[in-house]
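Protein chains: 4
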Amino acid sequence: MGNSFGTLFRISTWGESHGGGIGVVLDGCPPGLPISVEEIQVELDRRRPGQSKITTQRKESDAVTIVSGVFEGRTLGTPIAMQIPNSDHRSEAYSEMKERFRPSHADYTYQSKFGRRDYTGGGRSSARETAGRVAAGAIAKKVLKLGCTVDICSYVERVHDITMPEMVEFPSFDLVEANPVRCPNPATAALMEERILKVRKEGDSVGGIILTRVRNLPPGLGTPVFDRLEADLAKAMLSLPATKGFEVGSGFDGSLLRGSEHNDLFENRDGKICTITNRSGGVQGGISNGEELYFRTAFKPTATILQEQQTVDQEGKETVLVGRGRHDPCVVPRAVPIIESMTALVLVDHFMRHKGQCDSFNFNNLQV
Amino acid sequence: MGNSFGTLFRISTWGESHGGGIGVVLDGCPPGLPISVEEIQVELDRRRPGQSKITTQRKESDAVTIVSGVFEGRTLGTPIAMQIPNSDHRSEAYSEMKERFRPSHADYTYQSKFGRRDYTGGGRSSARETAGRVAAGAIAKKVLKLGCTVDICSYVERVHDITMPEMVEFPSFDLVEANPVRCPNPATAALMEERILKVRKEGDSVGGIILTRVRNLPPGLGTPVFDRLEADLAKAMLSLPATKGFEVGSGFDGSLLRGSEHNDLFENRDGKICTITNRSGGVQGGISNGEELYFRTAFKPTATILQEQQTVDQEGKETVLVGRGRHDPCVVPRAVPIIESMTALVLVDHFMRHKGQCDSFNFNNLQV
Amino acid sequence: MGNSFGTLFRISTWGESHGGGIGVVLDGCPPGLPISVEEIQVELDRRRPGQSKITTQRKESDAVTIVSGVFEGRTLGTPIAMQIPNSDHRSEAYSEMKERFRPSHADYTYQSKFGRRDYTGGGRSSARETAGRVAAGAIAKKVLKLGCTVDICSYVERVHDITMPEMVEFPSFDLVEANPVRCPNPATAALMEERILKVRKEGDSVGGIILTRVRNLPPGLGTPVFDRLEADLAKAMLSLPATKGFEVGSGFDGSLLRGSEHNDLFENRDGKICTITNRSGGVQGGISNGEELYFRTAFKPTATILQEQQTVDQEGKETVLVGRGRHDPCVVPRAVPIIESMTALVLVDHFMRHKGQCDSFNFNNLQV
Amino acid sequence: MGNSFGTLFRISTWGESHGGGIGVVLDGCPPGLPISVEEIQVELDRRRPGQSKITTQRKESDAVTIVSGVFEGRTLGTPIAMQIPNSDHRSEAYSEMKERFRPSHADYTYQSKFGRRDYTGGGRSSARETAGRVAAGAIAKKVLKLGCTVDICSYVERVHDITMPEMVEFPSFDLVEANPVRCPNPATAALMEERILKVRKEGDSVGGIILTRVRNLPPGLGTPVFDRLEADLAKAMLSLPATKGFEVGSGFDGSLLRGSEHNDLFENRDGKICTITNRSGGVQGGISNGEELYFRTAFKPTATILQEQQTVDQEGKETVLVGRGRHDPCVVPRAVPIIESMTALVLVDHFMRHKGQCDSFNFNNLQV
């Protein structure tokens, strides 16, 4: 329980960071969708460790295999099982973890909850688990690409205290991918990269904020009162390792405005009902309103740092732990494809729940 | 679909603001729990309109009835159905709403999704729906009270730009309830109340932030990887009307710190494993760690304002709408018991999911 | 938990037989469906006690109220709450039940599971609970009626050892309703009625078998591997009080045939792929194949009899109990609308799960 | 959707008969349970093809791998992923199936539902899918073995028209496994084996009935009104390929008795509340009553026969098909471990749902 997500387009992930591998089963994917291992690998490569000098140097090819549910290049409508072996174990680097709880990791809480844990690595709490989400997310993205005109773009808006200026235009995929930080403002990206390299050198880490924008979303997605679109997105984002906050539209700062300043007035733009402003962030009453959907996700600094820290051992005795091994000094750049994947999974699920109630999604196109 | 919440302690709410009433069915409540209508009414009265001069003057007694699941003062283990009639309709005040979409309300999105809506009021999107949640939350609170030593306290930390100073001690229920704003700092509360009355006079509205704190939570609650404790709380909070953000622990500001500043180091405090700081906010890896759980929820300013606003009608023709009727100039004070209720529902659900894996909750005590 | 049924068209029932009433919340009904209290009452009247001389004489008008989800005669797409008050309590008739367990009732098992029970009647285990199912089933039937050409017909095929001859033609609703037994063979019905009256006079009871037939079902309904159409039907039927068996198509007797006798060979009938025989009963591999769907449900004799029976009391002391009060000497005739309701609920749920994958159901027609 | 089963102890199966393999993810298994690949393999070997002369001669070692969720020989409390590669493809034997629908198989219905299918074999509809269920069932059996004293025994009661005499004693595992038919009456088993070999020689097939008995089940399992113990069992059994019927206790024949003959009177047997007879089959009102739980599952004759049969091709043109390849002339003997597995899965799920409400299951013992 707790390892599945989604109602009609549903993923179940499995795997520990240093066990036999990582995987996902996707149940509910419509039949006839053309999908290849290569398309999925592209997304996994964006998440993969060792992809640039600002990420962990752990060597994992993260080569995915589709074991079921796809036949002659198309989905069968049956569960799609995908898996990624763990190749670069190096568990010895983690030997101290067996006895000592790493601060701000999940070692202590997993031990408390389950009475045991796979101490050769982060186990199930490792961000490695998200590889399965990205593999399923790649299929969700393909569904969106063929079925409608929705565009999802996540990018790094802030690293530590370096924030990019507001960007009105919707950035292209290439612009985001043009630098290892995945910030579409090249000047800010350079500063961010510099900062990340600096903290790495100091054995430290930083966090940041990712902005996600979705355009061309039709009105009508979301299922109040509990499965509001933003509620499901909030859960999706807070289910990711290292996230500490979620806000949609005006978010926390929106509470600084008055109603007369915050309300999004309606207008008729070329025959279409639109809002003049978009402080709602594309959702009203839990349902998309046809404006751009945007939300922010906050990440804490990576818990693993290469400095000596006070901690306790399994018996509660105080001791110290010096972080070793390879880690990401800032997880935010690699989190971009993960957040896009979770967003795509939520959107496809809601398109399927909304099926037959609007014409904004053409399920026939999936089989073309 | 979309109107149920929880896995083992599960609520299903129903009702429109101007229909026959509002209600909830709670399935999964353990048998033998002593519960009275009065205990539930206490919580509903905290949410009730017209409770003070800073809330809407809509007259609703919100008198709850228990229709099933309770026998001789104790729960039977069967579904508990509760309902609250709608008494103060005054639908005429809403007559304009039939044709014109209220800005930043859900009129347009409900119309888009469902092709129709109950235009005599907010219908299902009205915050009136949360009365059902509060009724069920009162039972969840009773379960917590008898089964363990957990304390939940929500309070208003900010209204508009008025923020209370940080409060280290855990405020008492009476302190929070001592003023109509539900801010435990009396001086700040006075300023907040003044601000709310001022914007009401101006026909405007403001938002704010609620801080929720939970103490005495044992380690082990939460079910990774998707049903992390903070993920379920995030969903619960973002499923409430007018919420725009959620953050746990250090939240958005946590991303401004370095790992070496942010990590919560462990210590042994009188034989108990604790963290020296608590930037994690009581959860690590999606599981409670025994420290105080705290999170913030951001509310936008109330969408209903008594000013003329540009909008469109059902045919898309531009027009204006002047807000009428009674409304809350600031929903945050009345949202306090709602947030506490959702928190209690999430916690009881996770206690039940964790049952048998720890001794922190004594289910036998429920029947005492 | 355990009081909800369905995935996308989902009911949650509540209520004890002698509490405040009985009810149901239906979540997931498409918006725009025209529905009236009268249409629902028609079905409830078919289930109602006291409808003929062969049923219990308990007086219940079973008058249903729609409390939410319907506005101006059409569904809103929000939860539909319906309730039926309990009027004819007469709990005194049940006073002995407080101390003594009625044989083959659920008194002992509810007491064992929950540690308490509503001893003024059958409580939650009473067949009265099914009134909520029938109310929701009436809406499901309306969905089917408007959206497709499916016909459901259940009828009594056997009472005690009196079996009607095989009926090839699909009986009309009027034919089934022409007699109180709901057996479409008038001669057999007369014998059945006579038998029921005889056992009533003897203070005894009998069981029987209901055959359910569904025609015009398109191929494609059902979701293997677990949510096979027949698996969901089996669960639906076995969730009804007093049922002991379910079989689809050739059923138990099918195991007496060889494969060469049992297989349904395909033919092309006027351009349509059909099977020559239909031992499969309309499902193959868990999915409807376009042939008539048919299945049987077995009911045990009513547990309440007006004879002295050996039993034990709450302390385990052996004693006797003499059944009193009004009961159904045979539940099968009144179970016919209940089984039809459950069938309709399962079918609509599967039509919704299959939405967009076939054109056999026109969701647009629901709003006409 | 449709490929998961269970609420708290939940399996998700995946895989086609001729794709990359077959597998299962088990979510919700308590941590600390000792489990080995060997224990799981034992159950898979009971289901494996080619185990005796009366089963299909398809060569599959069905060697299972545990990929996650088990560490140092014990479960972690995280999802347990298991997989079994497909080794003996021989898809050429199925080449005709690409164009022609096999009678009473799922070729036509899968094609209708999904618009495509893996025509190199039965694909997802193949009974090979049940290997994943048996692997998970082996873990469920281990949970039962350590946590309580429940015994599950399924055996073949009938093959074609050969029925074993009633057996009062609870047969040992060894007695059931003593012959390839899995009928604990050696004389009847010999006749059954003879019959199976005879129909195989004739290129034909037969069906049969499996009786499942569970002893030492405490009262209190089952969650009315929908998740009754027998309702969940009925769904589990009807979700298996080739099943056509389910009955619990007196079943279909129970409807031939009068209430005065059918009711199970209570007695006090050595201080324990028991029933004198057991026509209820161990469940009353959907909840176990502490008596032996027993139910029967009916299987149709195997659809694959080595005879020429009339059918149609994908375009609807009438043609003939001659069954080829290796098949089971009677699936019933191999279905025994599958049914036991599904039974174990249902029981563990209900033990977990009932956790904390009774002491009949000692979850602490799982970790011993």
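Residue numbers (the numbering used here), protein chains in the order written: chain D, 10 to 377; chain L, 10 to 377; chain Y, 10 to 377; chain B, 10 to 377.
The C-beta atom is built at its ideal place from N, Cα and C for all residues, glycine as well.
- With a cutoff of 7 Å on beta-carbon distance, P39 (chain Y) and L375 (chain Y) are scored as near each other.
- Within chain L, the C-beta atoms nearer than 7 Å to that of H169 (chain D) come from L265, in chain order.
- Residue range 46-56 is occupied by the alpha helix (DSSP H) that includes V51 (chain D).
- For a cut-off of 8 Å, the C-beta gap from I348 (chain Y) to S163 (chain Y) is around 5 Å, short enough to register as a contact.
- Nearest neighbour of D273 (chain D) by Cα position, chosen from L:R126, L:H114, L:L230, turns out to be L:H114.
- Around E105 (chain L), the same chain offers L330 as residues with beta carbons nearer than 7 Å, after the five sequence neighbours per side are excluded.
- A Cβ of chain D is located within less than 7 Å of the beta carbon of G365 (chain Y).
- Counting every other CB atom within 10 Å of its CB across the protein chains shown gives N371 (chain B) a total below 16, marking it as exposed.
- Under the 7 Å criterion on CB atoms, F372 (chain L) is classed as interfacial with respect to chain B.
- Rounded to the nearest whole angstrom, the C-alpha separation of Q92 (chain D) and E52 (chain D) is 14 Å.
- The contact set of E25 (chain B) on chain D, defined by CB atoms closer than 9 Å, consists of S77, G78, F80, L85, T87 in chain order.
- Its chain contains L238, I296, S297, L356, H359, F360, H363 as the residues whose beta carbon lies nearer than 8 Å to that of L230 (chain B), once the 5 sequence neighbours on both sides are disregarded; these appear in chain order.
- Closest by C-alpha distance to R335 (chain D), out of D:T22, D:T64, D:I205, D:R56, is D:T64.
- Restricted to the region 283-336 of chain L, the beta strand (DSSP E) segments that are unbroken, complete and at least 3 residues in length are 302-308, 317-321, 327-331, listed in chain order.
- When DSSP reads this structure, S21 (chain L) sits in a beta bridge with L:S13, L:V34.
- Here G254 (chain B) is buried, its C-beta having at least 16 other C-beta atoms within 10 Å.
- Interface flag for A90 (chain D) against chain B is set, since a Cβ pair is found closer than 7 Å.
- Under the Cβ criterion (8 Å, minimum of three pairs), the region 169-185 of chain B does not count as touching the region 63-81 of chain B.
- In chain order, T74, I75, V76, S77, A90 make up the part of chain L whose C-beta sits under 9 Å from the C-beta of G29 (chain Y).
- Cβ-Cβ distances below 6 Å link A307 (chain B) to I218, K253, G254 in the same chain, with the five nearest sequence neighbours on each side left out; the list follows chain order.
- The region 167-174 of chain Y makes contact with the region 212-226 of chain Y; the number of CB pairs closer than 8 Å reaches 3 or more.
- Secondary structure of S104 (chain L) (DSSP, three-state): helix.
- Between the region 182-193 of chain B and the region 29-49 of chain L, the count of C-beta pairs closer than 8 Å stays below three; the two stretches do not touch.
- The beta carbon of K207 (chain B) sits no closer than 7 Å to any beta carbon of chain Y.
- If only complete runs of 4 or more residues are kept, the region 160-222 of chain D shows the alpha helix (DSSP H) at 182-186, 195-210, in order along the chain.
- As DSSP reads the structure, E69 (chain L) sits in no beta bridge.
- For R56 (chain Y) and A344 (chain Y), the gap between their C-alpha atoms comes out near 7 Å.
- Nearest to A90 (chain D) by alpha-carbon distance, out of D:T22, D:E270, D:V208, D:M201, is D:T22.
- One thing to note: R305 (chain D) has its Cβ within 7 Å of the Cβ of E256 (chain D).
- The criterion of a C-beta distance shorter than 7 Å is not satisfied by R137 (chain B) and P338 (chain B).
- Residue state for R237 (chain D) is assigned as coil, using DSSP reduced to three classes.
- Think of a sphere of 7 Å around the beta carbon of Y128 (chain L): no beta carbon from chain D falls inside it, the nearest being about 14 Å out.
- Within chain D, the C-beta atoms nearer than 9 Å to that of T320 (chain L) come from L274, F275, E276, in chain order.
- For V345 (chain B), the enclosing alpha helix (DSSP H) begins and ends at 341-362.
- Remark: C-beta atoms of N225 (chain Y) and T158 (chain Y) approach each other more closely than 7 Å.
- Residues of the region 112-124 of chain B with a Cβ closer than 9 Å to any Cβ of chain D, in chain order: Y119, K122, F123, G124.
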